[in-house]
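Q: Per mature numbering (1 follows the signal peptide of the UniProt record, and there is no 0), the sequence shown runs over residues -31 to -1, 1 to 571.
Ideal placement from N, C-alpha and C gives every residue a C-beta, glycine not left out.
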Amino acid sequence: MIQRLRLRMQSGLRAAFAWLCLAAPHLTAAAAPDLDALAAHPTWVALLHVRQGEPMVRDPGFLLTLPHFSLQAELRATLTLLQGDDAQALCRFPARYTWLRHQGALPERSLAHCGELVEFRTRAPMEQVALVFASETLSQPSSMMGHVFLKLGGHDATGTFREHAISFYTEPVTWNLPRLFWRSLVVGMPGYFTLGPYADQVRGYVEREGRNLWEHPLELDAAQRELLQAHLMELRPVQFTYFFQRYNCATLVQQVLAVVQPRVLDHPDLWTTPKDVVRAAQQAGLLGPAVAVSAPRWTLHLLDQALTSDDVAAVQQAVAQQTLPPTSGTDPRSFLRQQAALALNQQWMANGQRSPEAGTAYRQRLETAAPAQLALASNPAFSPAAAPPDSQFSLSLQRRDGDDAVVMTFLPASHRLEDRNDMYFNESALRLFEVALSQSLQGRGARVERATLYAVESLLPRDRFTGGLSGRFKIGHEPQAGGDLASRGALLVEGGLGITQRFGQDLDIFALATAGVGARRGAYVYASPSAGFVLRQVFQMKAIVTLSLLHNGLGDGRTTREWQWTQAKYLGPNWTLVGRYTLRERAQQRAREAELQLKRLF
């Protein structure tokens, strides 16, 4: 009996052992993470700054598997490194470790020995994060489409609330455009990833450069903030190469945001701009209500439209004498006068017309006297998230010089004067690398209609506080009319200055004195003064009428007169119908040109 029981027990143990041996591979497969799935995970792709399978950062200190990079190889190399005995490897890649640990690919380990990470968390606490957009500036070619960076806020070890900015930028550049475009588009320039006090950014952008800031709070939970902070730490020692069209402040910040919300990369752009990043973050549900930090010049420009001439004179006198502007309990403009005095005082400090000590003391007096229940609020319509897309393609039917043609135009960045500019403070145009191809419908062949390297136009209305100049600049190969009124292509470099006056909310009248250098068969100098108006109309339309004189066009020594009427109808946020009619005159000669264009913004 005992022997029979012993045999049954042995048989049972052998059966159980056999079952465990058969089941063990399945238990191991269920417990082990799927490395292929992890390597293809959008967060892993974002952590490596990979776009369409190619790494955007090629620093061997950041990627372990260069030059034979792949997502799978980098994952295996990272796991091998972080599972090793080198504790400093965790400090090198804290974000990769944090994410892989949450995915079950790595065990729990402490990061307390990572001195730089601990210091970063202590000195730049991240209880709050905001995406900040700095408005466009023409004084810096690298920021002609704006700039975007991150703002961090939180309490340090002493309980003091600190705010820091993390920004990616390139070295200061000059207006040597051929060298600038060669380095920024082909060779690449050194990129810098910096951490500094946010107040310094406000002083630089708002006070010195006169640019507005839009702060968009990011709606992140504690785990997302921890991962984001660890990834920012990973990026601090990385050597970046800045490319204007491929890897700039916008693409880097977008990749950083993708670490906590991969949906910001759901709709890749042909050319990612700072506004694209804001729009992508909004579409991904990351952004809270925006807050604007307005430059004093723009505050004065907006308040000028709401104040009478007596109000403006009273504010100017009060600021000059450092007294309080006149107030009245029944006058609703009292608060606006006080805000104008604050902005004018700040503008004088920025211009050096008033010492920082005197300006600060006067500002404190104004703020103390301000009614606590009133404040200036930002208009969401001016937010970069509300701006139209920055690229466009159009198809046109054109009649010129007795020939009918189809014209295809591609503008990678950014917009023309007839486009919607109501989210800006003034009418403007910026054309980078615009190309237009024309195909004759009457057998005259195809040609390059226009190849514009860089063109900018700003019709800044004058205000009674700060004045204001309008201007334009262009370099490219574009058609120009000669004395026979026929248009021919020429290499043009031109610039001009003038003034714009706004009447009401919808009419801008402008005058510009423009001159340039052209080259066709030889070099020549020409002049092209112009005047006109921009009328923002009902039913989502805009009209632009211009009269210009062209002297020595194509170098023939003659003068022609040109009238042009452009009518735009906005067919929603992404489509525009444009009609354009041009009349050229010289002596008794006349030449007409007409164009109907359908434009797609994307």
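1. Spatial neighbours of Gln509 within its chain, please: CB distance less than 7 Å, with the 5 preceding and 5 following residues excluded, ordered by chain position.
2. Which term fits Ala134, buried or exposed, when burial requires 16 or more other beta carbons within 10 angstroms of its beta carbon?
3. Measure the C-alpha to C-alpha separation of His82 and Met202 and round it to an integer number of angstroms.
4. Specify, as a first and last residue, the run of the alpha helix (DSSP H) that Gln558 falls within.
5. Should the stretch 45 to 58 be regarded as contacting the stretch 170 to 190, the criterion being three or more beta carbon pairs within less than 8 Å?
6. Could you name the residues of the same chain whose beta carbon sits closer than 6 Å to that of Phe379, not counting the 5 residues immediately before and after it, in chain order?
7. Looking only at its chain, what residues have a beta carbon closer than 8 Å to the beta carbon of Leu(-5), apart from the 5 residues adjacent to it on each side?
8. Kindly indicate the opening and closing residues of the beta strand (DSSP E) around Asp373.
9. With DSSP as the reference, please indicate the residues paired to Glu403 in a beta bridge.
10. Quick check: what's the CA-CA separation for Ile444 versus Leu422?
11. In the DSSP assignment, find the unbroken alpha helix (DSSP H) run with His133 in it and report its ends.
12. Buried or exposed: Asp190, going by 16 or more other Cβ atoms within 10 Å of its Cβ?
13. What three-state label does DSSP hand Phe38 in the structure shown?
14. Can you tell me the Cα-Cα spacing of Glu562 and Glu554, whole angstroms?
15. For Asn395 and Ala382, I'd like the C-alpha separation in whole angstroms.
16. Buried or exposed for Lys130, going by 16 or more other Cβ atoms inside 10 Å?
17. Report the residue from His384, Ala103 and Arg194 whose alpha carbon sits nearest the alpha carbon of Arg177.
18. Pair every Cβ in the stretch 497 to 508 with every Cβ in the stretch 467 to 478, then say whether three or more of these pairs are closer than 8 Å.
19. In or out: Ser439 buried (at least 16 other Cβ within 10 Å) or exposed?
20. Pull up the distance between the alpha-carbon of Gly30 and that of Tyr174, whole angstroms please.
21. Would Phe304 pass as an interface residue toward chain B - the criterion being a Cβ-Cβ separation below 8 Å?
22. Do Arg180 and Ala287 have their CB atoms nearer than 8 Å?
23. Are the Cβ atoms of Val462 and Val486 separated by less than 8 Å?
24. Between the stretch 149 to 161 and the stretch 210 to 225, do at least 3 Cβ pairs fall closer than 8 Å?
25. Which of the three DSSP states is assigned to Asp477 in this structure?
26. Within 10 Å of its beta-carbon, does Pro237 have 16 or more other beta-carbons around it, so buried, or fewer, so exposed?
27. Give the DSSP-derived three-state secondary structure of Val117 in the structure shown.
28. In three-state terms, what does DSSP make of Gly440?
29. So if DSSP puts Arg505 in a beta bridge, which residue, or which two residues, is it bridged to?
30. What do you reckon, are the CB atoms on Leu59 and Met95 nearer than 8 Å?
31. Tell me, please, which residues DSSP counts as bridged to Lys538.
32. Suppose the cutoff is 8 Å on Cβ atoms and the five residues either side in sequence are ignored; what does the same chain contact list for Pro430 look like?
33. Determine the direct distance from the alpha carbon of Ser278 to that of Gly123, and round the result to whole angstroms.
34. If we ignore side chains and look at the alpha-carbon of each, how far apart do Met377 and Thr529 end up?
35. Would DSSP call Thr551 helix, strand or coil?
36. With Leu518 and Ser497 assumed to form a contact (beta carbons below 8 Å), what rounded beta-carbon distance in angstroms separates them?
A: Taking the structure as given:
1. Lys538 and Tyr539
2. Here Ala134 is buried: its Cβ has 16 or more other Cβ atoms, across all protein chains shown, within 10 Å.
3. Near 15 Å, if we compare the C-alpha coordinates of Met202 and His82.
4. Gln558 -> not in any alpha helix (DSSP H); beta strand (DSSP E) instead, spanning Gln558 to Leu570.
5. no
6. Phe362 and Val404
7. Caution applies to Leu(-5), whose pLDDT of 31 falls short of 50 and renders its modelled position unreliable; the model cannot decide the point.
8. Here the beta strand (DSSP E) through Asp373 covers Asp372 to Leu380.
9. Thr421
10. 6 Å
11. Taken as a continuous stretch (DSSP letters only), His133 belongs to no alpha helix (DSSP H), being part of the beta strand (DSSP E) at Phe130 to Thr139.
12. exposed
13. coil
14. 12 Å
15. 18 Å
16. In the sequence on display, residue 130 carries Phe and not Lys. That one is exposed.
17. Sorting His384, Ala103 and Arg194 by C-alpha distance to the C-alpha of Arg177 places Ala103 at the top.
18. yes
19. Its Cβ being crowded by 16 or more others within 10 Å, Ser439 is buried.
20. Rounded to whole angstroms, Gly30 to Tyr174 spans 32 Å at the Cα level.
21. Included in the structure is just one protein chain, with no chain B present.
22. no
23. yes
24. yes
25. strand
26. exposed
27. strand
28. strand
29. Lys511, per the DSSP bridge assignment.
30. no
31. When beta bridges are read from the DSSP output, Lys538 appears opposite Met510 and Leu546.
32. His270, Asn395, Gly437, Thr469, Gln470, Arg471 and Asp477
33. Taking the straight line from one Cα to the other gives about 45 Å.
34. 28 Å
35. strand
36. 7 Å
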